[in-house]
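**Q** One structure, pasted below without further comment.
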Amino acid sequence: MYERVDTGVKEPYFWNPRTHEFLGRTASSWGLILLFYLVFYIFLGGMFVLTMYVMLLTLDDYKPTYQDRLVTPGMMIRPRGEAMEILYNTKDTESFDIYAQTLNNFLESYNNSLQVQNNDECPPDNYFIQEDSGEVRNNPKRSCQFNRSTLEECSGITDRTYGYQKGQPCVLIKLNRVIGMLPGKDGQSPYVTCGAKKEDSDAIGELAYYPPNGTFNLMYFPYYGKKAQLNYSQPLVAVKFLNISLNTDVNVECKINSNTLKTGGERDKFAGRVSFKLRITSPKN
């Protein structure tokens with residue numbers, strides 16, 4: 316029998332000149348393992364591309380294949396400030412100029428001249444339905460005019476400060492867009508009502524709505540999507556606070572009223588409504 320003698324000399328790990336191994340593998344071994352991973356990742360990439368291609372074939376460029384949204388859309392205000400608060404001082408022009416400028420920018424596309432140029436004058440109180448003819452799409456679809464002048468005292472045409480300087484601010488309200496939504500039946504358009512929370516009920520004062528009664532007329536529905544309805548002008552409602560209490564926080568809630576839309580369901584208590592805080596500071600001196 317022979318006894319193995321440990322000479323204390325270790326085989327080199329990084330490169331072994333005797334066996335021509337690099338990191339413990341020969342060139343042919345490295346080639347085979349790299350070829351395996353190359354083929355493996357090409358296969359995975361091909362499967363991913365094929366899956367995405369098949370999925371894209373099921374999508375419609377103009378209408379979502381699946382709509383997993385709330386039955387009642389959300390609401391939003393303009394201007395909205397930080398944390399849904401509108402805070403300003405009637406004596407400090409800079410404090411409310413930012414709100415007026417926000418409204419100006421937002422309403423530019425609603426200028427009467429642009430609306431007449433891009434959209435149709437539609438008969439009110441009826442849905443503006445534009446169906447496709449079988450496989451032939453009726454695109455691009457037309458849209459109804461929503462003229463800036465419809466907002467009257469809250470249009471910014473006669474009062475560039477939108478009432479903020481006088482302590483009678485305007486707030487614009489809009490419904491979030493939902494493709495195909497029909498928000499009323501029997502010719503009854505949905506409308507907006509605003510009020511103060513219970514603790515502030517005596518502070519909100521009188522309100523004025525534009526258009527009259529705060530309606531979202533049925534002629535602006537249904538909405539067919541951004542790509543199908545290129546010039547769609549989302550209807551707006553303006554609420555003007557005529558004699559709200561000054562120097563105090565007033566918590567306001569506005570909600571949609573409709574015979575087809577419900578507000579505050581179990582899935583979202585804020586569906587169809589929006590809340591914000593309004594504080595107008597007006598120093599006596």
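Each residue of the sequence shown is one higher than the one before, counting from 316 in the working numbering.
The beta-carbon is built from N, C-alpha and C at its ideal position, and this holds for glycine as well.
Quantities reported herein were computed from a predicted structural model and do not represent experimental measurements.
1. Which runs of the beta strand (DSSP E) at least 3 residues long sit entirely within the segment 421 to 467? Give them in chain order.
2. Can you list, in chain order, the residues of its chain with a C-beta nearer than 7 angstroms to that of E423? Leave out the 5 residues immediately preceding and following it.
3. Can you give me the C-alpha to C-alpha distance between G499 and E446, rounded to a whole angstrom?
4. Among F351, C459, V567 and R395, which residue has its Cα nearest to the Cα of N603?
5. Do the segment 534 to 548 and the segment 565 to 574 touch if we need at least three Cβ pairs shorter than 8 angstroms?
6. Using 8 angstroms as the Cβ pair cut-off and three pairs as the minimum, do the segment 474 to 489 and the segment 551 to 563 touch?
7. Judging by CA-CA distance, which residue of T334, T341, R463 and L522 is the nearest neighbour of Q549?
8. Tell me the residue span of the alpha helix (DSSP H) that contains L490.
9. Just to check my reading of the structure: Y479 and Y377 have Cβ atoms closer than 8 angstroms, yes? What is that Cβ distance to the nearest angstrom?
10. Closest by CA to F591, which one among Y525, D515, L533 and P527?
11. By how many angstroms is the C-alpha of S344 removed from the C-alpha of F337?
12. Going straight from the alpha carbon of V372 to that of T366, what length do you get?
13. I'd like to confirm the pairing. Which residues does DSSP put opposite M391 in its beta bridges?
14. Going by the DSSP bridge assignment, what does T417 pair with across the sheet?
**A** According to the structure data:
1. none
2. none
3. One C-alpha to the other measures close to 19 angstroms.
4. Not covered by the structure: residue 603. The range shown for the chain is 316 to 600.
5. no
6. yes
7. R463
8. Element bounds for L490: not the alpha helix (DSSP H) but the beta strand (DSSP E), C485 to L490.
9. Not really, about 40 angstroms apart at Cβ, beyond 8 angstroms.
10. D515
11. 10 angstroms
12. At residue 372 the sequence reads Leu, which differs from the Val that was named. Going by the C-alpha atoms only, they are around 10 angstroms apart.
13. K489
14. Its beta-bridge partners do not exist; DSSP assigns none.
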